[in-house]
Amino acid sequence: MREGFRQAMAWLHTWTGLIFGWLLFAIFLTGTMSYFKEEISHWSQPEIQRHALDPANSLALAQRYLQHNAGSASGWFIRLPSEREPAISVGWRTPEGGRRGFMRKDLDASSGEEVQARDSRGGEFFYRFHFQLEMPHPWGRWLSTLCAFIMFLGLITGIITHKKIFKEFFTFRPGKGQRSWLDGHNAIGVLVLPFHLMISYSSLVLFMYMVMPAGILASYGGETNRYFSDLFGRDLDVTPAGVVAPMVALPTLYAKALEQAPGAHLDTVQVQNPNDQNARVSFTRASSDDVAYRRSQTWSFDGVTGRLLSSGAPESGMMMTSFSFAGLHMGNFAGPWLRWLYFFFGLGGTAVIGTGLVMWLGKRQLKHAKRARMPAELRLVEVLNIASMSGLLLGVAAFFWSNRLLPLEMQGRGDMEVNAFLGVWALSLLHAVLRPGRRAWAEQLGLGALAFASLPLLNALTTGQGLNHSLAVGDWAMAGFDLTALAVGLFLGWTARKMLTSPTVAAKRAPRAVPPRRDSGAEVEAH
Amino acid sequence: MKPKATGLPLHYRLAVVSRCLAALLGGYVLASLTSVCLALLAPLPQVDAVLLGMMLSFVVYLLAFLWCFACRSAWQAWVGVLAPSLVLGVIDALAYWTNLP
Numbered sequence: 001m002r003e004g005f006r007q008a009m010a011w012l013h014t015w016t017g018l019i020f021g022w023l024l025f026a027i028f029l030t031g032t033m034s035y036f037k038e039e040i041s042h043w044s045q046p047e048i049q050r051h052a053l054d055p056a057n058s059l060a061l062a063q064r065y066l067q068h069n070a071g072s073a074s075g076w077f078i079r080l081p082s083e084r085e086p087a088i089s090v091g092w093r094t095p096e097g098g099r100r101g102f103m104r105k106d107l108d109a110s111s112g113e114e115v116q117a118r119d120s121r122g123g124e125f126f127y128r129f130h131f132q133l134e135m136p137h138p139w140g141r142w143l144s145t146l147c148a149f150i151m152f153l154g155l156i157t158g159i160i161t162h163k164k165i166f167k168e169f170f171t172f173r174p175g176k177g178q179r180s181w182l183d184g185h186n187a188i189g190v191l192v193l194p195f196h197l198m199i200s201y202s203s204l205v206l207f208m209y210m211v212m213p214a215g216i217l218a219s220y221g222g223e224t225n226r227y228f229s230d231l232f233g234r235d236l237d238v239t240p241a242g243v244v245a246p247m248v249a250l251p252t253l254y255a256k257a258l259e260q261a262p263g264a265h266l267d268t269v270q271v272q273n274p275n276d277q278n279a280r281v282s283f284t285r286a287s288s289d290d291v292a293y294r295r296s297q298t299w300s301f302d303g304v305t306g307r308l309l310s311s312g313a314p315e316s317g318m319m320m321t322s323f324s325f326a327g328l329h330m331g332n333f334a335g336p337w338l339r340w341l342y343f344f345f346g347l348g349g350t351a352v353i354g355t356g357l358v359m360w361l362g363k364r365q366l367k368h369a370k371r372a373r374m375p376a377e378l379r380l381v382e383v384l385n386i387a388s389m390s391g392l393l394l395g396v397a398a399f400f401w402s403n404r405l406l407p408l409e410m411q412g413r414g415d416m417e418v419n420a421f422l423g424v425w426a427l428s429l430l431h432a433v434l435r436p437g438r439r440a441w442a443e444q445l446g447l448g449a450l451a452f453a454s455l456p457l458l459n460a461l462t463t464g465q466g467l468n469h470s471l472a473v474g475d476w477a478m479a480g481f482d483l484t485a486l487a488v489g490l491f492l493g494w495t496a497r498k499m500l501t502s503p504t505v506a507a508k509r510a511p512r513a514v515p516p517r518r519d520s521g522a523e524v525e526a527h
Numbered sequence: 001m002k003p004k005a006t007g008l009p010l011h012y013r014l015a016v017v018s019r020c021l022a023a024l025l026g027g028y029v030l031a032s033l034t035s036v037c038l039a040l041l042a043p044l045p046q047v048d049a050v051l052l053g054m055m056l057s058f059v060v061y062l063l064a065f066l067w068c069f070a071c072r073s074a075w076q077a078w079v080g081v082l083a084p085s086l087v088l089g090v091i092d093a094l095a096y097w098t099n100l101p
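Protein chains in written order, with the numbering used here: chain A, 1 to 527; chain B, 1 to 101.
See the structure below:
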């Protein structure tokens, strides 16, 4: 950090990248999986049947169910099925209130009966993990937001370090050990740069009210609730009149709401004070309809007379800016093609972090290539590299295997899947400690290859909804999961084979491929 | 350029720790005070000013980080984040007390 600006930035890039890289790899991988949250959930709960969409009918079924089971609740929440979510989701607040007073059920979209699906958190687990890290609130969110900031910092310092970044984008020298890793790291990093900048900055915007609250506190004093109602334009809660009154049929209101926004997908329905004189029903437009969250796209009705009471307040430019960042991050607006693009960009980000970690170690291993043992701190980095990358993949595979193999009636089944994920991840750390570096990589990647590539077969054997079935009936979410698992298995098999067949490429071949004088070139100094 | 495992003097290591703290904590204070300043003084509706302050604060945090590792000494790192923080702190305090009803 003494030799000038770019060297200082290279130093910062290298060391923040090392310290936060392991956690960032896990955040990026599980975050990337979250772009297919609903599809993963569909695979994890194959009992939920998919039906042709009929929102008005689904809404009538939801109202019938809630009327029977939660007639005295203080509020109802309904999420209608969509192309990606097959079930009707209903929730209600019991009169006792509080966190425990909230109930949630999934209903079949055509019969309206409760779905009896296996207990699994499905895609929701990976989604939650990528910003809560299975830590108690609010520490996981704080830590993951700090990681997002470090990623943002890593991008900027990376650009500064690698000055000729765009010119050298077309340089890729395969089969040259350390040099190929650097080329790959730079090529993916630049190709996906706009996505990376967006995804890391938008994570900060998503949680800025938590991590940078000084402005809210200074401007609103203790009344932070007022900030949120200003921002989201929430209606004030209406107190119940205490007079029982019959509710208008929700499908009628749905038709009226559609008149306000023709062609909209209205997927969220909230009812305040159901069966009361002061019942309020509000419809909110689906997040898949717009990039940004639109608070204006909400319509409130009197639940007894059916009169339109209000529509959401318009957004300011500043709000649209912040909501757009949030929307771009979550990608709810993306159709199938754009969603796959998001997925591959996310994998690109994961790969940039992974190649960076491998390079940090590879470059330092060169100096100790002739010694029998590498220094303890390098061995520590090696073990953590193995466990945080191939070990994490084994954990993910364990989650899906236990989803198919655990007994369906088991108590706390959903938690056991999570324990399998964490347990196998921890075991991979132990394995990496016990085995020499390259062997550990090869064994874990090889096991991962088997575990992922055989998931389609396991699915076919345990549920009868394997590829032969899902492709025939056009269940693309199920088939897409199986095919992706197969592709991941093949890719891991290829990397495992590389690890087995060309031993110590980094240690022995790279010195010849990268002469010492090149090491003084500015672009190598980052690593 | 980087601290090797052996042979780096203690004062160098302490200077690195000092720079890290200046960046992480000093940078956060500077970013927070910037967000307060914009929240209170930007000629915008209340919620918009707060949003603007929070969204820009991360850019300030980033620049503070870069400064703390780019400047010549650890002392400069601290001065670089604390001096503007002091100025912003005074402005924020004045704006806060005059805004109170």
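C-beta atoms are modelled at their ideal positions from N, C-alpha and C, and glycine is treated no differently. Just so you know, these numbers come straight off a predicted model, no measurement behind them.
Start-to-end residues for the beta strand (DSSP E) that takes in residue i
i: D106 (chain A); result: F102 to L107
i: F77 (chain A); result: G75 to R79
i: L121 (chain A); result: This sequence places Arg at residue 121 (chain A); Leu is not what is there. That residue, R121 (chain A), is in no beta strand (DSSP E); it is neither H nor E in DSSP.
i: F283 (chain A); result: R280 to R285
i: Q46 (chain B); result: Taken as a continuous stretch (DSSP letters only), Q46 (chain B) belongs to no beta strand (DSSP E), being part of the alpha helix (DSSP H) at Q46 to A70.
i: V304 (chain A); result: Counting along the chain, V304 (chain A) falls outside any beta strand (DSSP E), and DSSP gives it neither H nor E.
i: D267 (chain A); result: L266 to Q272
i: S89 (chain A); result: I88 to R93
Rounded Cβ spacing between residue i and residue j (contact assumed at less than 8 Å)
i: V291 (chain A); j: G327 (chain A); result: 4 Å
i: W210 (chain A); j: P138 (chain A); result: It should be noted that the sequence gives Met, not Trp, for residue 210 (chain A). Contact flag correct, Cβ pair sits at about 6 Å.
i: A241 (chain A); j: N278 (chain A); result: 5 Å
i: F129 (chain A); j: T350 (chain A); result: Incorrect: roughly 14 Å between the Cβ atoms, too far for contact.
i: L38 (chain B); j: G53 (chain B); result: 3 Å
i: H329 (chain A); j: S203 (chain A); result: 6 Å
i: L429 (chain A); j: N385 (chain A); result: Between N385 (chain A) and L429 (chain A) the Cβ distance is about 11 Å, and since that is not below 8 Å, they are no contact.
i: L155 (chain A); j: S200 (chain A); result: 7 Å
i: R19 (chain B); j: A95 (chain B); result: With 8 Å as the limit, R19 (chain B) and A95 (chain B) do not qualify as a contact, their Cβ atoms being about 31 Å apart.
i: A64 (chain B); j: G26 (chain B); result: 7 Å
i: A460 (chain A); j: L467 (chain A); result: 7 Å
i: L153 (chain A); j: L62 (chain B); result: 6 Å
C-alpha distance - residue i paired with residue j, whole-angstrom precision
i: T98 (chain B); j: Y293 (chain A); result: 35 Å
i: G4 (chain A); j: A70 (chain B); result: 7 Å
i: T284 (chain A); j: L18 (chain A); result: 44 Å
i: F481 (chain A); j: H196 (chain A); result: 25 Å
i: V505 (chain A); j: G177 (chain A); result: Confidence at V505 (chain A) is low in this model, with a pLDDT of 45, below 50, so its placement is unreliable and no value can be given for it.
i: A42 (chain B); j: S324 (chain A); result: 21 Å
i: L394 (chain A); j: P436 (chain A); result: 18 Å
i: P174 (chain A); j: R339 (chain A); result: 30 Å
i: Y127 (chain A); j: F400 (chain A); result: 15 Å
i: L366 (chain A); j: V396 (chain A); result: 32 Å
i: L146 (chain A); j: Y65 (chain A); result: 43 Å
i: W181 (chain A); j: I159 (chain A); result: 17 Å
i: M410 (chain A); j: I216 (chain A); result: 46 Å
i: G362 (chain A); j: L23 (chain A); result: 20 Å
i: A8 (chain A); j: T161 (chain A); result: 9 Å
Min CB distance residue i to chain B below 7 Å
i: S58 (chain A); result: no
i: I27 (chain A); result: no
i: I199 (chain A); result: no
i: I216 (chain A); result: yes
i: M212 (chain A); result: yes
i: S316 (chain A); result: yes
i: M320 (chain A); result: no
i: S219 (chain A); result: yes
Any C-beta of chain A under 7 Å from that of residue i
i: Y96 (chain B); result: yes
i: S73 (chain B); result: no
i: L10 (chain B); result: no
i: G89 (chain B); result: no
i: L63 (chain B); result: no
i: L51 (chain B); result: yes
i: S85 (chain B); result: no
Span of the alpha helix (DSSP H) around residue i
i: V190 (chain A); result: Q178 to L191
i: P456 (chain A); result: L455 to T463
i: G26 (chain B); result: That residue, G26 (chain B), is in no alpha helix (DSSP H); it is neither H nor E in DSSP.
i: I353 (chain A); result: P336 to K367
Can we say the region 343–358 of chain A touches the region 23–43 of chain A, given the rule of at least three CB pairs closer than 8 Å? Between the region 343–358 of chain A and the region 23–43 of chain A there are three or more C-beta pairs closer than 8 Å, enough to call the two in contact.
Taking one C-beta from the region 487–498 of chain A and one from the region 441–457 of chain A each time, how about it: are there three or more such pairs within less than 8 Å? yes
Evaluate contact between the region 255–270 of chain A and the region 224–232 of chain A, counting only Cβ atoms and requiring at least three cross-stretch pairs below 8 Å. Segments in contact, no.
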